[in-house]
Amino acid sequence: MARTVAIVEDDAAIRANYADMLKKHGYQVSTYGDRKAAAAGFRTRLPDLALLDIGLGDEPDGGFTLCRELRAMSAALPIIFLTARDSDFDLVSGLRMGADDYLTKDASMPQLLARISALFRRADLLREPPASEEVLERGALRLDMKRFIATWDGRTVDLTLTEFWLVHSLARFPGHVKDREQLMRDAHIVVDDATITSHVKRIRRKFQAVDAQFAAIDAVYGMGYRWNSGSGS
Amino acid sequence: MSLRVQVVLVALVLAVIPLVGYVHVKQMEKLLREGQEQALLATARAIATALHDRPQLLELRAGQPASGEMRLILQSLSRADSRIWIVDQNQRLLAIAGDLKKPSPPPEPGPLEFAVRLVRPVTNYLLEPPTQDFDDALPEQEIASGPVAASALQGVPSRRWRQSPDSRAVILAASYPVWDGEQVVAAVVAEETTNRIRSVYNRAMEQVVAVTLIAFVLGALTLLFFASRLSTRLRRLRDEAEAAIDSQGRVTRVIAGSAARDEIGDLSRSVSTMLARLAQYTSYLENMAGRLSHELRTPVTVVRSSLENLKLQPLPPDAGVYLARANDGLKRLDTILTRMSEATRLEQLVRKEERERFDAREVVRGCASGYSFGKRFEVDVPETPVWLNGAPDLYAQMLDKLAANAADFSYGGKEAGDEPIRIRLDTRDGHAILTVSNRGPRLPESMAGKLFESMVSVRPSKSGAEPHLGLGLYIVRLIAEFHGGTARAMDREDGSGVVVKVRTPLNSGSGSQ
Numbered sequence: 668m669a670r671t672v673a674i675v676e677d678d679a680a681i682r683a684n685y686a687d688m689l690k691k692h693g694y695q696v697s698t699y700g701d702r703k704a705a706a707a708g709f710r711t712r713l714p715d716l717a718l719l720d721i722g723l724g725d726e727p728d729g730g731f732t733l734c735r736e737l738r739a740m741s742a743a744l745p746i747i748f749l750t751a752r753d754s755d756f757d758l759v760s761g762l763r764m765g766a767d768d769y770l771t772k773d774a775s776m777p778q779l780l781a782r783i784s785a786l787f788r789r790a791d792l793l794r795e796p797p798a799s800e801e802v803l804e805r806g807a808l809r810l811d812m813k814r815f816i817a818t819w820d821g822r823t824v825d826l827t828l829t830e831f832w833l834v835h836s837l838a839r840f841p842g843h844v845k846d847r848e849q850l851m852r853d854a855h856i857v858v859d860d861a862t863i864t865s866h867v868k869r870i871r872r873k874f875q876a877v878d879a880q881f882a883a884i885d886a887v888y889g890m891g892y893r894w895n896s897g898s899g900s
Numbered sequence: 226m227s228l229r230v231q232v233v234l235v236a237l238v239l240a241v242i243p244l245v246g247y248v249h250v251k252q253m254e255k256l257l258r259e260g261q262e263q264a265l266l267a268t269a270r271a272i273a274t275a276l277h278d279r280p281q282l283l284e285l286r287a288g289q290p291a292s293g294e295m296r297l298i299l300q301s302l303s304r305a306d307s308r309i310w311i312v313d314q315n316q317r318l319l320a321i322a323g324d325l326k327k328p329s330p331p332p333e334p335g336p337l338e339f340a341v342r343l344v345r346p347v348t349n350y351l352l353e354p355p356t357q358d359f360d361d362a363l364p365e366q367e368i369a370s371g372p373v374a375a376s377a378l379q380g381v382p383s384r385r386w387r388q389s390p391d392s393r394a395v396i397l398a399a400s401y402p403v404w405d406g407e408q409v410v411a412a413v414v415a416e417e418t419t420n421r422i423r424s425v426y427n428r429a430m431e432q433v434v435a436v437t438l439i440a441f442v443l444g445a446l447t448l449l450f451f452a453s454r455l456s457t458r459l460r461r462l463r464d465e466a467e468a469a470i471d472s473q474g475r476v477t478r479v480i481a482g483s484a485a486r487d488e489i490g491d492l493s494r495s496v497s498t499m500l501a502r503l504a505q506y507t508s509y510l511e512n513m514a515g516r517l518s519h520e521l522r523t524p525v526t527v528v529r530s531s532l533e534n535l536k537l538q539p540l541p542p543d544a545g546v547y548l549a550r551a552n553d554g555l556k557r558l559d560t561i562l563t564r565m566s567e568a569t570r571l572e573q574l575v576r577k578e579e580r581e582r583f584d585a586r587e588v589v590r591g592c593a594s595g596y597s598f599g600k601r602f603e604v605d606v607p608e609t610p611v612w613l614n615g616a617p618d619l620y621a622q623m624l625d626k627l628a629a630n631a632a633d634f635s636y637g638g639k640e641a642g643d644e645p646i647r648i649r650l651d652t653r654d655g656h657a658i659l660t661v662s663n664r665g666p667r668l669p670e671s672m673a674g675k676l677f678e679s680m681v682s683v684r685p686s687k688s689g690a691e692p693h694l695g696l697g698l699y700i701v702r703l704i705a706e707f708h709g710g711t712a713r714a715m716d717r718e719d720g721s722g723v724v725v726k727v728r729t730p731l732n733s734g735s736g737s738q
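Just so you know, the sequences run in chain order A and B.
Position 226 of the first sequence, counting from 1, maps to 893 under this note's numbering, and the rest follow consecutively.
Position 460 of the second sequence, counting from 1, maps to 685 under this note's numbering, and the rest follow consecutively.
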């Protein structure tokens with residue numbers, strides 16, 4: 668049975684375009700123009716994945732409210748914020764509401780599709796017992812490539828999809844400097860350099876929350892970042 | 226001229242008070258003198274009348290004072306401090322009685338006694354105090370040929386002011402003829418000093434001076450206090466208004482309008498409102514880029530998603546070209562949007578970025594090794610570490626902008642000679658100075674001081690090139706300010722190019738490690 672993707676977006680043209688695109692890729696799509704319609708729709712039938720805009724019509728934070736409600740209904744439902752806003756503040760708020768990832772609207776369709784399929788894969792695997800494992804281990808770091816779960820010293824580090832991909836890109840070849848272009852490509856995003864910097868900062872902070880001594884990501888000024896396997900193991 | 230000085234000058238209007246007082250006292254003195262003249266004349270007349278038609282009383286007895294009856298008349302009719310003498314037609318002094326030297330009683334203390342006493346040293350200096358110590362001898366010529374006596378002997382009463390022989394007192398003399406039948410037989414002359422008037426006059430003057438002084442001091446102090454308050458409030462308002470706008474014209478803080486209900490309070494409130502509006506407008510302008518990029522993103526998304534859908538459709542063969550062009554345009558739009566939001570994002574980042582201690586040398590060396598921009602770079606850093614307190618990522622971003630800027634503005638190929646773009650890190654006076662210098666056209670003079678503002682660009686508009694929004698140097702300024710420093714752009718001294726200097730304070734911690 669086709670999976671259902673719910674699109675909550677107040678701009679009719681974007682909504683229709685995304686719906687068409689997703690339909691062409693074999694998803695079933697339900698679209699909502701405002702928060703009330705979406706909330707009512709979700710109560711009737713929960714979608715398999717939700718794409719939420721933050722500003723919905725008259726409600727500038729309607730998407731956040733919706734995300735909270737959805738999380739309350741299902742802890743595992745993948746939620747992606749897709750919005751014109753790109754301030755750090757919105758990003759952090761969105762992720763704190765329990766969204767799995769956050770994309771700005773200048774992200775291209777392939778980037779969005781990569782996330783949707785990755786999140787579906789993860790959702791499937793979380794339901795089934797682990798059959799075949801694909802794991803990357805670097806010292807204390809363990810990346811479950813199927814479920815997108817990162818652990819440090821056996822403790823789970825709660826990364827978003829984008830952050831997971833960034834860590835993976837860095838940790839795959841420890842000691843090699845990855846410039847920002849490469850990181851963006853690996854994480855399926857197109858953003859400016861400052862956003863990569865703030866992503867890396869957030870990742871560091873998340874690891875430091877688990878291990879205060881964490882120092883495995885080095886900044887190489889003017890070049891990029893490097894996974895430093897020597898320390899922290 | 227300051228407001229305070231002006232108000233104090235206005236206080237000089239009070240100077241008419243002593244003038245009015247002086248005129249008044251003078252008037253009073255004149256009246257008193259007239260009164261004294263009349264009284265003295267009346268005394269002389271009374272004595273003359275008493276002697277009228279009694280020639281036996283006027284008989285001269287050589288070597289003897291006036292007879293008993295004469296003495297009686299003189300004593301009963303004379304005034305307390307007057308001297309009376311009588312001369313006959315032969316200018317012989319027939320009788321003399323009374324004394325000019327009578328100490329006048331001390332004046333009764335008035336209501337302003339304390340103030341009068343306060344100003345007495347001054348008034349004593351200015352006013353001549355009446356004295357009892359004067360030569361009261363009756364000079365011979367006064368008897369013999371004095372106009373007063375002479376006039377009375379002619380039958381005409383008269384009066385005259387004269388100085389005492391030593392000029393220390395003024396003496397008033399009044400004369401009246403003594404008749405015997407149709408004939409003037411003698412003249413009565415009464416004399417008095419003006420001491421009594423003088424002391425009244427002095428006293429009045431002292432009081433005028435005291436009152437004036439008090440009024441003047443009180444008035445001037447009140448005005449001065451008032452003027453000081455006004456000028457303090459105005460100065461504070463000016464200082465606040467000046468401090469509210471920095472050299473770049475941005476409103477740094479809005480002053481709180483004063484609650485005073487007068488015109489200055491009004492002015493302060495309107496300045497406050499004005500600044501608030503200006504702040505709104507400035508922040509509107511500064512956020513313009515971010516807002517525009519936000520607003521444009523939705524329509525761009527519509528275009529992009531439509532194009533992506535279009536790609537999945539079966540299309541006529543030559544549609545691919547147009548699709549590719551549309552995609553190119555879209556990519557350019559995306560770059561513009563990203564650049565536009567970069568500054569806004571950085572502003573937010575700078576507000577909450579954590580600071581750490583880092584060696585600026587490493588950042589500069591690391592960054593510079595990665596630069597090319599089709600130009601040569603030459604890097605010069607000091608031997609010892611340059612510790613700064615801030616964010617190395619931001620510092621690197623700033624250097625990126627400076628290098629890109631220098632590369633864009635340096636001459637290409639032969640024109641540049643073989644001169645590379647120079648990046649130099651130095652320490653001087655507790656500051657780290659980062660200099661990026663390139664050979665190229667001078668800065669336009671009209672843009673001096675504006676280069677580091679949002680959306681200001683001096684680039685010639687070229688079509689097809691990378692979009693330029695004039696945010697690069699604005700970002701440099703933001704980061705320099707984040708590090709507590711300043712950014713300045715200037716022409717090279719020989720005019721062969723441009724130098725951008727970023728001056729940031731060193732981290733004073735353990736400076737040299």
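No residue lacks a Cβ here, since even glycine has one placed at the ideal position from N, Cα and C.
As the structure is a computational prediction, the values presented were derived from the model and not from experiment.
Under the 8 angstroms criterion on CB atoms, LEU562 of chain B is classed as interfacial with respect to chain A. According to the DSSP assignment, HIS519 of chain B belongs to the alpha helix (DSSP H) that extends over 488–536.
Taking C-beta separations shorter than 7 angstroms and ignoring five residues to either side along the sequence, the partners of GLY693 of chain A in its chain run ALA669, following chain order. Beta-bridge pairing by DSSP links GLY323 of chain B to B:ARG308. Cβ-Cβ distances below 7 angstroms link GLY709 of chain B to THR729 and PRO730 in the same chain, with the five nearest sequence neighbours on each side left out; the list follows chain order. Within the stretch 698–730 of chain A, contact with chain B at the beta-carbon level (separation under 8 angstroms) is assigned to no residue. Taking every protein chain shown into account, the CB of MET226 of chain B has fewer than 16 other CB atoms within 10 angstroms, so this residue is exposed. Excluding its 5 nearest sequence neighbours in each direction, GLU262 of chain B has C-beta neighbours in its own chain below 6 angstroms: ARG384, listed in chain order.
Contact of GLY665 of chain B with chain A is not assigned, every C-beta pair being separated by 8 angstroms or more. Against GLY545 of chain B, chain A offers no close residue; the least beta-carbon distance is about 18 angstroms (beta-carbon pairs closer than 8 angstroms).
Within the stretch 764–843 of chain A, the runs of alpha helix (DSSP H) that reach at least 4 residues and sit entirely inside it are, in chain order, 776–794 and 828–839. Non-local beta-carbon contacts of GLU578 of chain B in its own chain, meaning distances under 6 angstroms to residues more than five positions away in sequence, involve ALA616 in chain order. Going by beta carbons, ILE674 of chain A and LEU718 of chain A fall inside the 8 angstroms limit. Straight-line spacing of the CA atoms in GLY554 of chain B and ARG529 of chain B works out to 10 angstroms. Contact with chain B is absent for MET851 of chain A, since none of that chain's Cβ atoms lies less than 8 angstroms from the residue's Cβ. The count of Cβ pairs closer than 8 angstroms, one atom from the stretch 700–718 of chain A and one from the stretch 540–552 of chain B, stays below three, leaving the stretches out of contact. Around the beta-carbon of TYR699 of chain A, 16 or more other beta-carbon atoms lie within 10 Å, marking it buried. The beta carbon of ILE242 of chain B lies closer than 8 angstroms to those of VAL436, THR437, ALA440 and PHE441 in the same chain, with the five residues before and after it left out. By the criterion of a C-beta distance shorter than 7 angstroms, ALA501 of chain B is surrounded in its chain by VAL479, once the five residues flanking it on both sides are discounted. Contact fails between the stretch 557–569 of chain B and the stretch 587–596 of chain B, because fewer than three Cβ pairs, one in each stretch, are under 8 angstroms apart. Among the residues of the stretch 527–545 of chain B, those with a Cβ less than 8 angstroms away from any Cβ of chain A are VAL527, ARG529, SER530, SER531, GLU533, ASN534 and LEU537, in the order of the chain.
For the 8 angstroms CB-CB criterion, LEU837 of chain A and TYR769 of chain A do not form a contact. Note: LEU397 of chain B is bridge-paired with B:TRP386 and B:GLU417 in the DSSP secondary-structure output.
Taking the beta carbon of MET764 of chain A as reference, no residue of chain B falls within 7 angstroms; the closest one sits roughly 19 angstroms away. Close to chain B, meaning a Cβ-Cβ distance shorter than 8 angstroms, are the following residues of the stretch 869–893 of chain A: ALA886, VAL887, TYR888, GLY889 and MET890.
The count of Cβ pairs closer than 8 angstroms, one atom from the stretch 349–356 of chain B and one from the stretch 419–437 of chain B, reaches three, so the stretches are in contact. For ILE704 of chain B, the uninterrupted alpha helix (DSSP H) run begins and ends at 697–707, by DSSP. Listed in chain order, the non-local C-beta contacts of TYR636 of chain B below 7 angstroms within the same chain comprise ARG664 and GLY665, local neighbours out to five positions each way being set aside. For a Cβ distance threshold of 7 angstroms, nothing in chain A lies close to ARG601 of chain B: the least Cβ distance comes to about 16 angstroms.
Taken through DSSP and simplified to helix, strand or coil, ARG279 of chain B comes out as coil. Counting the other Cβ atoms within 10 Å of the Cβ of THR609 of chain B gives fewer than 16, which makes it exposed. For ALA680 of chain A, at least one C-beta of chain B is nearer than 8 angstroms to its own C-beta. Relative to the Cα of ILE704 of chain B, the nearest Cα in the group B:GLY406, B:THR348, B:GLU259 and B:LEU624 belongs to B:LEU624. Chain A has no Cβ within less than 8 angstroms of the Cβ of LEU696 of chain B. In the DSSP assignment, SER697 of chain A forms a beta bridge with A:ALA673.
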